[in-house]
Structure formats: C-alpha cells, structure tokens
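Asks:
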Amino acid sequence: MTDVRSPQAGNGAAAPGVAEEPADVAGETIAGVADETETPRPGGFGAVAWARWAWRQLTSMRIALVLLFLLALGSVPGSLLPQQGIDPAGVQQYFTAHPALAPFLNALGLFNVFAAPWFAAIYLLLFVSLAGCVLPRSFRLARTARARPPQAPRHLSRLPNSVRYETAMTTEEASAAAAAFLTRRHFRLSQGEGWLSAEKGYRREAGNLLFHVALMGVLVSIGLGGLFGYKADRLLVEGTSFADTVTDLDAYHPGHLVSPNDLAPFSLTLDKFSASYVASGPDRNQPESFNAHVSYTAQPGDAARTYDIQVNHPLNVDAVKVYLLGHGYAPVFRVTDGQGKVVYDQATPFLPADQSTYLSEGVVKAPDAKPQQLGFAGVFLPTAVDVSGQLESAFPAPYLPAVSMIPYVGNLGLNNGVPQSVYQLNTTGMHRLATPVQVLTPGQSMKLPGGAGTLTFTGYRQWVSLQVTYDPGQVPALISGIAALAGLVLSFLVRRRRIFVRTYRGDSGRTVVDVAGLARSDVGGGFEAEFGELAAGLKSVHDHDSSPRSEETE
Amino acid sequence: MSDNLGLAQLSDHLLIVAVVVYSLAMLAYAGDFAYGRRVKAAGAAGKAARPVPELAGVGASGGAATPGTPEGPEQPTAAVPPAATADSAPGDAGRLGPLIRGAIALTYLGLAAHVAGVITRGLAVHRVPWGDMYEFITALTCVTVIFFVALMMRYRAWHLGVFVMGAVVVALGLAQTIIYTPAGPLVPALKSYWLAIHVAAMTLSVGIFFVAAVLGVVYLFAERYSRRAAAGLSPANHGIMRRLPSAVELDRLTYRTVVFGFPIWTFGIIAGAIWADQAWGRYWGWDPVETWAFITWVIYACFLHARATAGWRGRRAAYIQLIAFGCLLFNVLVVQTFLTGLHSYAGLG
C-alpha cells in the first residue's frame, strides 16, 4: 500500500509523458497506486536498517494482501467448528465425539477463533500495515490538495486520449480560452509557456482514505464494546421481576473495565407473554408472533412504564437493551409431603424439547419434604393428545395443557457441594416410585404410593428468556461503517483525471492545439466519454470565440 | 395471513416459462457462436456509426485518434494485437446476425416472465419476495439478468449471453427443483423492514457478483487464448474468440462489475449488522453466515487490491475474484442450509 512516489515525482518537468504513467493509470483501486519497487534487504546487521526494512515490508501492498488472505482463512474454522462464545454445548459435544482431536484443536484456539491470540495478531498486523500506509498518504494528500498539477508532458499525442486541431486564434489566445474553459469546469490549473495542465477529482483520494480510516474506526468501536459493554441473560416467569444487578442476572459477561456499579439501575416485570402460531396448512405450528408485555422503571422511584418486547423490537432503557430471545412454559406445582405439609408451591420453568410442538421437559425438587426428599421429572404438553397410546403435544399453544411426571424419593444430593442444574434430577441417591403413568390436567393431583405425599398440577404460566446488553461501541461502529461505505462509494465514483493542453504554431502558420487526457483512476469507467466531451468543448471554444472578448460573455 | 394460492401458482408457472425461454436464448447464443455468419468488417464499418464506449476506444471527438492500443501501457496482460482488439470489438447491433438478435429477444422475453414471476410471488405472500432460499435465488438471478442486459446495452458484447444464460438457467433450475419452497408466511425473526433492506442489498450484490464471476471465467479463457495466440500456439483469429471481447476488455468489465457490487455488499453487511442488533442483541456475533459474509468481503477486497498490485494483476486477480464468488456460493448454498446458526431460514427443513 505504500505509495512509493509522490504524485509530483511521477510527473516531473522532464517527464517524457506516457513512459512515466503506467503505475498511475493502473491505480484504479481503493488502495490507489501500488506499484512498488522492491526494497532491498539490508546487507549488514544494523537494527535500524532491519527495522526499516521490516516496516517497509509490513506496509507494502503485497504483505497487506497476504494478511487479508490470512484473515479470511483464519475465519473459516470459526464457522465450521463450534465456538465457545456462541455454542458452548456444541464444543462439549465435539470433545465427546472426538476425544483425540479436540484437545489438539483447543490448543490451537480453534474453538474460540475470534478471541484467539493468533487471530488478533493477524488483524492487528493488518491494521498496523493499514495505518503505516494510510497516515503518510493523508499527510501527502493534505500537501497535494494545495499543490498545482505538474507540467504538461511534451508529446501529448502519446497519451491514451488525445486530439489535435488547428484554430484561428493566436497561441496565447488559445491558451487563455482553454484555461477559462477548464476553470469553469472546476479544474485546478497550472500554466506555462505554451502549455496548460489541469487536474480534478481529489475527492477520490479523500474517499479512499476515509474508507481505510473508517475501518480502523470499526475496530476501535469493537474494542470499546469489549471494554465497557456487558451482556447477561435472565429467565423471567410471568408475574415476576428482576433488577439489572449482577446478582439478579444469569450468565453475566461484563467488559474488561465494567464494575457492578456501572449497571443501569432499571427493574422489569413480565406481566404477560403471548404468542400466535400458524394453525393449519403446511406451515402449521410455525410461530407468527411473540409478544412479551412488560412494565419497567428506568430509575428507582420512577413511574412504571409498559412496553411490548417483540422479536426485532427490543426495549431500550438508557442505552441498555433488553431482547426477547426465547420462551417456554412454567407449570405450577404444589407438593404436599408425607406429613401433610405443603413443601413446594411455585411455577417451574420447563425447557422446550421440541421447538415445533413445545413439548417441554423439567423437574421439581422438594428438598424440605419429610420423611424423605421428593423429586419429579416429566413433561409439559401445551396441547396434549393421545397418539395411539403415546402422549404427544399437537400444537405449541396451550389449548389442552397437561403434565406427566415420574416421582422419585430419596436424597436429592443438593448438599454434597456439587452444583446441580435446576432442569435435571440427580437420581443416584433416589429411587423411582412405582406408579402408573398419569396425565394431569390443571387442578388434578396424583397421590404417591406409600403415603409419600401428593403432587398437584395447579396451572401454568409462561416464561421468557431475556438478554440484557449494553454496548457503547454500537453507535461509533455504525458511524464508522457508514463512513467506510461513503468513502468507498466516493473513491469508486470520482475519477482523478488530468487534461493537458499545448498550443504552438504549426507549419502552416496557424495555431495548433494538442489536447490530451489521462485518468489517474477511472474505476467506474467513462473517462473516454468525458474526455471526448471536454475535447469537443475546447474545440468549439477555439473555433467560435475568435476574439477573447466574446469568451467573457459566455 | 392468507396466501393467495392462485397468484403463487401463477408465479411458479411464470418462472418455469422464464427458465425455458432462457434455455432457448442460451441455445440461440450458442448457435450463433457455432453457425453465426460473420459479417465482414468492411461492410459493417459504414454502419458502425454509433460510438461504442470503452470497447471501441476513443474517437468520439473526431480528432486524430491515438495510434496503438487504446489501453496504452495500462495492462501488461494486453497481449492481443491491436487489430484483433478492434475486430473483436463486438460492435453495434448492425453487425449482429439473426440468431443473436433472436437470442437477445428471447433474453428480454425470459426476463419479462422472470420479473413477473418474482412480483407475483411477492403479491401472493404479501411481502417482499426474498424471504426464503428459493425466493432469494429467483430474485438474485433476476438481478443477474437485468444487470447483464444493462451492461450489454452499454458495452454490446451480447455473445457473453451464452455463459450468463447458462449460469442463470442452472441456478434457476436448481431453485425450482431441489430448493423449491411453496409460498408461506415468515417466522417472527424475519418480520422486519430490515428484511426488505438487508436481503435486498444481498440479492442485488449477489446478482451482480454472479455476472462478475461469469465474466471472470470467460476472461480466463480469453486470456489463455491470447497468450497462446501471442506465442503462436493458437490460431490468431479463432472463430469463437473473435466474437468475444478481448481479455483486456473482459478484465476491465469484470473489475467494474465487482466495483459496482462491492459497495452494495458492504451496505448489505452493515444493514445486516443493524438488523442483527435489533433482533439478536449484538451487531456482530460471528454467526456462520456472518463469518462467511465477512470472508467473502475480505476476498473481494483482496481482488480489488490485487488488481493494483504488480505481479497480481490479470490471471491471479481473476482467480481471487472466482475464489471470492466461491465463498459467496458456499455461504448461500452450504452454510445457510447445513450449518446451524441464527440465519437458518432457508426453509429446507
């Protein structure tokens, strides 16, 4: 990406024209001119010489290309292998399925590619390379923005686009008319004895630089989010609340510089959740809409407000966003133990096991039951139907809600220090009670054998899983992204081009005008047409305005 | 939501008509390659009054035209002798034989059916017609044909139609057989006006990159031919090659096509990020589809840079462009279909 020559150097006064130009003409990319001379390797062992050589290599287009390729290549395993940050369960499964290969891949960081040191090394090197290329160019652009275009080449007919014609004007008049014509078209001029050189399209380079600087802005924005942002989940049953505090959140992932006091002090209650589904046809059971009706207070003491959180419609509380990620059913159970005491009475979130029918699985743990602890594992069916003796759910909406639970007695194992999932029953210290499989509808109970107690299915509620995120890098990332796009479009649309005019007395005694054009960048094409139009305009100026006075009236 | 079954069926039929007509167009283009009468350049010179931008070089100003190749020293791969360049410039419609005129007419006819098919699908489902994989492919191939026609109106290299039509017929045929999804409503995650914006940008850019990829393949053949011709290994005036634009022109056309598609692709990624932020709570999360969109973007960026780097121009750059399109295809056909991620909306079950 190093622009080896400054624009002026490529077109010095003695430049014979075309021979100097190929690099400029071919510089049609967003990175601009890239023909480079190979930097000779330093002969000795001087640290400065080596450092300079390394820097030149790093900021060269070739290395930037290789780094770009490596960046693309490095991303591939991130999409083909399960990733720690996105799918931790998938990583576990991979370890189980490939016990020999997985540790090796893990050592290479392939289960967390986008946070791996080697991946960071690639993009940081790429951005250093970019900075080493972009910054010097910015300075150069600032200089050339005020500089005049170089002298016109001697032999204009050697340029890719050129015309020659004669005019009745004197050489001075013709030069002046051409200068006036090009100035009207916002060309920047420099003039000399019998020549004129005009340039236009500096915004192209500006767009190119804007694009690359904006890409660095995107990287900085992502870093900002990683330092000051946070992300957490929360499962919330209808009628319950949570506050945005570390203790009240599940799976809390703070940024590196976030302290618990930085969390926005809002609290939120799930009033009701509703969903609708396609009832018939080939898309039956497919969800149509989800709606979580919530009420929230932004600050303690504020009035409560309500909002409907939907997919694609998160709640925004002081730049913290609350998203609806999932939903499910929480059947309400009451457990009475062998001594007739109610030891459990609450909504119990079950996890959907089948996304199309919402057949859900879950457990009930009653550690306070006497004489022995009680546990239940089973299923919740939103629309329970009997399919030839097999209990199934026919539809995800709760039309015929029912549960079927298997009772266990014994030791739940909650006190042995090993953390347990609330969705699983550890049955090692328990035994299953011999009861026939029973289907309970709301209000129905099942008596446990041997006077161990009673389980009552009193009803159900729904739950939602919410994601709470705060990312201060969001807006900067968006601005950078838009700036990058604007820079890209600018650098593609604007062509940087030069028009040269030479006037001299021909053999016949009349004034000969040579006009030539050169597109230093012409990505979108069309310079030939523009040149033709400009040349025709110049010719008509030279044909018709035989006196310089009429030039002014136009 | 009640989907209009009659309109949905009409859409299916229109798209089948489009494939059939495109196939006929492709045969006509191919027939012109094989049997088309070569109109003598001398006879056509008088008719070639209409200036052809780019391909015919300058000359619009009517002045003393520059001798030598119009490209000057810009392209080191310009191995085609100047005479061949001028002759193979596909010229204007006055030089086109009856077969290729028929092919062009069939292209327009097929396109009309194609556009009507896409629109009726949208009317049938009361939303933008790019909500599942089948609709996405029918819409993007529609963009491909529109872009190709627009490009040829300007550059008049209609003989490229055989390659573009071939690719479009394969893609549409695939969409109608193994990818076909009946008209249906959207899942809640897709119900957002960002579907219209994000997927429209992706559809547009993929359709355009499709044209670039076809041009890239043709370029590789033309470049190989021109190298062999320069070395005396191939006849200098091969019948098929002289109907195509020269390697230099194909390279430039490919480049401009990519340059047209790249900002749209970039916009599509940004729009997708905004949507992802609304729907999933983060603007970028390395979901497999996001990752591959990024990889595709990076490799197209490689192509744009490579084309300005000494030693990477020409063939190498063309290969990079094809790799980028390969990544894009992989993303559309494999990642979205088989890898589980948040973008699994293909509707293939």
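Residue numbers (the working numbering), protein chains in the order written: chain L, 1 to 554; chain B, 1001 to 1349. Cβ coordinates follow ideal geometry from the N, Cα and C atoms, glycine included.
1) Can you list, in chain order, the residues of its chain with a C-beta nearer than 7 Å to that of serine 550 (chain L)? Leave out the 5 residues immediately preceding and following it.
2) Would you say leucine 485 (chain L) lies against chain B (beta-carbon separation less than 8 Å)?
3) Is the beta carbon of leucine 159 (chain L) closer than 8 Å to that of leucine 518 (chain L)?
4) Taking 8 Å as the CB-CB limit, is arginine 5 (chain L) close to chain B?
5) List the residues of chain B that threonine 503 (chain L) touches, going by C-beta distances under 9 Å, in chain order.
6) Considering only residues of the same chain and omitting the five flanking positions on each side of lysine 570 (chain L), which have a CB-CB separation below 6 Å?
7) Round the Cβ separation of alanine 377 (chain L) and valine 363 (chain L) to the nearest angstrom and send it over; I've been treating them as touching at under 8 Å.
8) I'd like the span of the beta strand (DSSP E) that includes tyrosine 460 (chain L), first residue to last.
9) So what's glutamine 420 (chain L) in DSSP terms, helix, strand or just coil?
10) What residues are listed by DSSP as bridge partners for aspartate 337 (chain L)?
11) List the residues of chain L that alanine 1189 (chain B) touches, going by C-beta distances under 8 Å, in chain order.
12) Closer than 8 Å, Cβ to any Cβ of chain L: which residues of the region 1169-1198 of chain B, in chain order?
13) Just list the residues that DSSP pairs proline 77 (chain L) with in beta bridges.
14) Which residue wins for smallest C-alpha separation from alanine 366 (chain L), given the options L:Gln390, L:Tyr358, L:Thr171 and L:Met430?
15) Measuring alpha carbon to alpha carbon, tell me which residue in L:Tyr329, L:Val379 and L:Gln299 is nearest valine 317 (chain L).
16) Give the DSSP-derived three-state secondary structure of glutamate 172 (chain L) in the structure shown.
17) Name, in chain order, the residues that DSSP records as bridge partners for histidine 293 (chain L).
18) Of the choices B:Trp1275, B:Ser1226 and B:Arg1313, whose alpha-carbon is the least far from that of threonine 1254 (chain B)?
19) What three-state label does DSSP hand glutamine 191 (chain L) in the structure shown?
20) So if DSSP puts aspartate 386 (chain L) in a beta bridge, which residue, or which two residues, is it bridged to?
21) Which residues share a DSSP beta bridge with proline 287 (chain L)?
22) Whose Cβ in chain B lies nearer than 8 Å to the Cβ of serine 289 (chain L)?
23) What does threonine 469 (chain L) touch in chain B if you count any residue whose Cβ is under 8 Å from its own?
24) For a contact defined as C-beta to C-beta under 8 Å, what are the partners of aspartate 283 (chain L) on chain B?
25) Measuring straight from C-alpha to C-alpha, what distance separates glycine 255 (chain L) and arginine 234 (chain L)?
26) If you follow the beta strand (DSSP E) that leucine 1027 (chain B) is part of, which residue opens it and which one closes it?
27) Going by C-alpha to C-alpha distance, which of L:Val258, L:Asn291, L:Leu70 and L:Ala264 sits closest to lysine 272 (chain L)?
28) Of the residues B:Leu1304, B:Cys1142, B:Ala1157 and B:Gly1117, which one's Cα is nearest the Cα of leucine 1096 (chain B)?
29) Name the one or two DSSP bridge partners that valine 501 (chain L) has.
30) Measure the alpha-carbon distance for leucine 196 (chain L) versus proline 153 (chain L) and round it to whole angstroms.
31) Go ahead and label alanine 1083 (chain B) buried or exposed: buried means 16 or more other beta carbons lie within 10 angstroms of its beta carbon, across all protein chains shown.
32) I'd like to confirm the pairing. Which residues does DSSP put opposite lysine 539 (chain L) in its beta bridges?
33) Looking at tyrosine 1300 (chain B): is its Cβ nearer than 8 Å to the Cβ of valine 1332 (chain B)?
34) Measure from the C-beta of alanine 1157 (chain B) to each C-beta in chain L and report whether the shortest distance is under 8 Å.
35) Enumerate in chain order the residues of its own chain whose CB-to-CB distance from valine 1199 (chain B) is below 6 Å, with the five nearest sequence positions on each side excluded.
36) How many angstroms separate the CA atom of alanine 97 (chain L) from the CA atom of serine 1246 (chain B)?
Replies: Taking the structure as given:
1) Summary for serine 550 (chain L): the model assigns pLDDT 41, below 50, so the residue's position carries little reliability, and this model does not support an answer.
2) yes
3) yes
4) The pLDDT assigned to arginine 5 (chain L) is 33, lower than 50, so where the model puts this residue is not dependable; a value taken from the coordinates is nonetheless given after this. Judged by the 8 Å Cβ criterion, arginine 5 (chain L) is not in contact with chain B.
5) Per Cβ cutoff of 9 Å: no residues; threonine 503 (chain L) is ~15 Å from chain B at best.
6) Given that chain L is displayed from residue 1 to residue 554, the structure contains no residue 570 (chain L) and the question cannot be resolved.
7) 5 Å
8) 453-470
9) coil
10) L:Gly453
11) Val311 and Asn312
12) Pro1182, Gly1184, Pro1185, Val1187, Pro1188, Ala1189, Lys1191, Ser1192 and Trp1194
13) According to DSSP, proline 77 (chain L) bridges with nothing at all.
14) L:Met430
15) L:Gln299
16) helix
17) L:Lys272 and L:Asp308
18) B:Arg1313
19) strand
20) L:Leu391
21) L:Tyr277
22) Pro1188 and Lys1191
23) Gly1281 and Arg1282
24) Gly1184 and Pro1185
25) 18 Å
26) Not the beta strand (DSSP E): leucine 1027 (chain B) falls in the alpha helix (DSSP H), residues 1005-1035.
27) L:Asn291
28) B:Ala1157
29) L:Leu196 and L:Val515
30) 10 Å
31) Low confidence applies to alanine 1083 (chain B): its pLDDT is 35, below 50, so where it sits in the model is not reliable enough to give any reading.
32) DSSP output for lysine 539 (chain L) lists no bridge partner at all.
33) no
34) no
35) Trp1130
36) 54 Å
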